[in-house]
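The block underneath contains the structure these notes are about, expressed in structure tokens.
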């Protein structure tokens, strides 16, 4: 398979009144064309910040380390994303080769502008289409994501649509520029279970039809199990486990991943109490030394957990974990 985007040693800090806050630390991964990658973790784990880095969308107080590299492979050659500066340059990753679906569509659609007008505007910005062609493409895309009577919906406002319909409209808008990479930031969280299933099936169909890569951000391992090929588990800005989704869910190796899976409701025993991961995720202002999970881990193996950042241990060709428990495997 051909790499679509490569992230190497991504470290990102935010300059604040309290000092520098580390949001992402030494994150590396590769997404292949046609692959769906799940990015999993609690709120505050750095998932969305990592995804926004791929589009250079983080706030102006963001500082990337000199070792950070994000390389997007396009038909015209590789693009060094972090070197892009001007609006014209950034068009490559902002709505061009990369599109993003946000958790709440109402925060993305302008309430006083029709959905169709917003879709046409982005097509005029990112292509050389005429206005009439852009309208035709937009209506066709609304129809392809399962919105009935697409021509009428084209002239409606976001508040006139149901939650599931708005999410579909947002997917249509993201796909209308024919991106190579689609970032879906918790796109099913605000939807009921039936609509969630429809959106998940839709995204699977889109991968098959368009061959794009998808980064699916969520805290729900159940959703990841249905959608992703591979999963990366994040905690407090670091990747702690990576591997094929079935392998990670059936055989989780990092204590944090084990905790996330143990916290899922058990269908075979609905009366069983939920077992959340103990404690709370620390503030980025109070990042623990050593392993960032040591304040909540039930399997601390020694002083190294408190003092040393764990190496990324390769368990096999496809499954890796960053934990001192497996340091012998790394050695």
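In my numbering, the protein residues as written are 6 to 336. Ideal Cβ positions, reconstructed from N, Cα and C, are used throughout, including at glycine. If you're wondering where the values come from, they're calculated on a predicted model, not measured in any experiment.
**Request:** Below 8 Å on the Cβ atoms is my guess for residue 71 versus residue 239; work out the distance and round it to an integer in Å.
**Result:** So it is not a contact: roughly 22 Å between Cβ atoms.
**Item:** Chain-order list of residues whose beta-carbon lies under 7 Å from that of residue 226 (same chain, five-residue window excluded)
**Value:** 45, 254, 265, 266 and 269
**Item:** Whole-angstrom distance between residue 92 and residue 59, CA atom to CA atom
**Value:** 15 Å
**Check whether residue 246 and residue 258 have beta carbons under 8 Å apart** = yes
**Prompt:** At what residue ranges does the stretch 52 to 106 contain a whole run of the beta strand (DSSP E), taking only runs of 3 or more?
**Reply:** 67 to 69, 74 to 79, 82 to 85 and 103 to 106
**Distance between residue 275 and residue 262 (C-alpha atoms, nearest Å)** = 22 Å
**For residue 37, the nearest candidate out of 48, 9 and 15 (CA to CA)** = 9
**Within the stretch 133 to 204, ranges of the beta strand (DSSP E) (whole runs, at least 3 residues)** = 186 to 190
**Message:** Suppose you measure from the CA of residue 186 to the CA of residue 119; what does that come to, to the nearest Å?
**Reply:** Roughly 26 Å between the two C-alpha positions.
**Item:** Residue span of the beta strand (DSSP E) that contains residue 327, given as start and end
**Value:** Per DSSP, the unbroken beta strand (DSSP E) holding residue 327 starts and ends at 325 to 327.
**Message:** Output needed for residue 7: all residues of its chain with C-beta closer than 8 Å, excluding positions within five of it in sequence on either side, in chain order.
**Reply:** 37, 38 and 78
**Item:** One or two residues paired with residue 244 in a DSSP bridge
**Value:** According to DSSP, residue 244 bridges with 239.
**Asked** When you compare each of 132, 136, 112 and 131 to residue 122 by their alpha carbons, which one comes out closest?
**Response** 136
**Request:** For residue 304, count neighbouring Cβ atoms within 10 angstroms of its own Cβ and tell me buried if that reaches 16, exposed if not.
**Result:** Its Cβ having fewer than 16 others within 10 Å, residue 304 is exposed.
**Message:** For residue 193 and residue 90, I'd like the C-alpha separation in whole angstroms.
**Reply:** 32 Å
**Request:** May I have the straight-line CA-CA distance separating residue 217 from residue 307, to the nearest angstrom?
**Result:** 44 Å
**Prompt:** Taking only beta-carbon atoms, is residue 203 less than 8 Å away from chain D?
**Reply:** In the displayed structure, chain D is absent; only one protein chain is listed.
**Asked** Could you give the residue range of the alpha helix (DSSP H) that holds residue 310?
**Response** 308 to 312
**Request:** Alpha carbon to alpha carbon, how far is residue 182 from residue 212? Give it in angstroms, no decimals.
**Result:** The C-alpha of residue 182 is placed about 15 Å away from the C-alpha of residue 212.
**Request:** Determine the extent of the alpha helix (DSSP H) in which residue 1 is found, giving its start and end residues.
**Result:** No statement about residue 1 is possible, as the shown extent of the chain runs from 6 to 336 and does not include it.
**Message:** According to DSSP, simplified to helix, strand and coil, what is residue 273?
**Reply:** coil
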